[in-house]
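Residue numbers (the UniProt record's numbering): 1 to 205.
Just below is one structure, and these are the notes that go with it.
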């Protein structure tokens, strides 16, 4: 199950993610093996800022890291030209199509934590904590931060910035949820102790 060897690109030949499946509704993704010819191989690795030690045993690059003119197309097939060199960033023509069709930013309400506590004397205390967080689900062509050998593609850079923001927000949300759970656990322990004390006091009366 080879996956694209470009850093942060998660496109696979099989067991595809939902984002990849959505993207392939408009852009056909193909996979191309790292050349065995040493000169071409080193050109690919240099352009992708990789080395032999960092790649897998079956290194492939998905077609999103090539430009349209890098392919020779016919009615039945599409062949990568020998001089083609992949880029870390995705070419503009693919990026624009993918953003227009597939970028969705949704606001979701996550994690509603409720705690209903009843004491023996008939008093009910209800504690409710709702944590609202914005989770950005972005469908896009994966990755691009570096400058290509020919030009800068601004579109993938914006996508990468959104991806970093999404990752940061998810980490912050996960941390807030952990803190809330810890607080609830401490309160539950404290209330359990109070219930025992109340029970003992009632027993003495």
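The beta-carbon is built from N, C-alpha and C at its ideal position, and this holds for glycine as well.
Under the three-state DSSP convention, the category residue i falls into
i           : result
residue 32  : strand
residue 80  : strand
residue 196 : helix
residue 3   : strand
residue 60  : strand
residue 72  : strand
residue 20  : helix
residue 37  : coil
residue 175 : helix
residue 205 : coil
residue 50  : coil
Pair within 8 Å by beta-carbon distance, residue i and residue j
i          : j          : result
residue 60 : residue 9  : no
residue 6  : residue 65 : yes
residue 54 : residue 86 : no
residue 29 : residue 56 : no
residue 32 : residue 80 : yes
Residue-chain proximity (residue i, chain D), Cβ-Cβ < 8 Å
i          : result
residue 30 : Looking for chain D here will not work: only one protein chain is present.
Anticipated Cβ contact below 8 Å, residue i with residue j, distance rounded
i          : j          : result
residue 58 : residue 2  : 5 Å
residue 88 : residue 49 : 6 Å
For residue i: DSSP bridge partner residues
i          : result
residue 12 : 3
Would you call the region 14-29 and the region 65-77 in contact, with 3 or more CB pairs under 8 Å?
no
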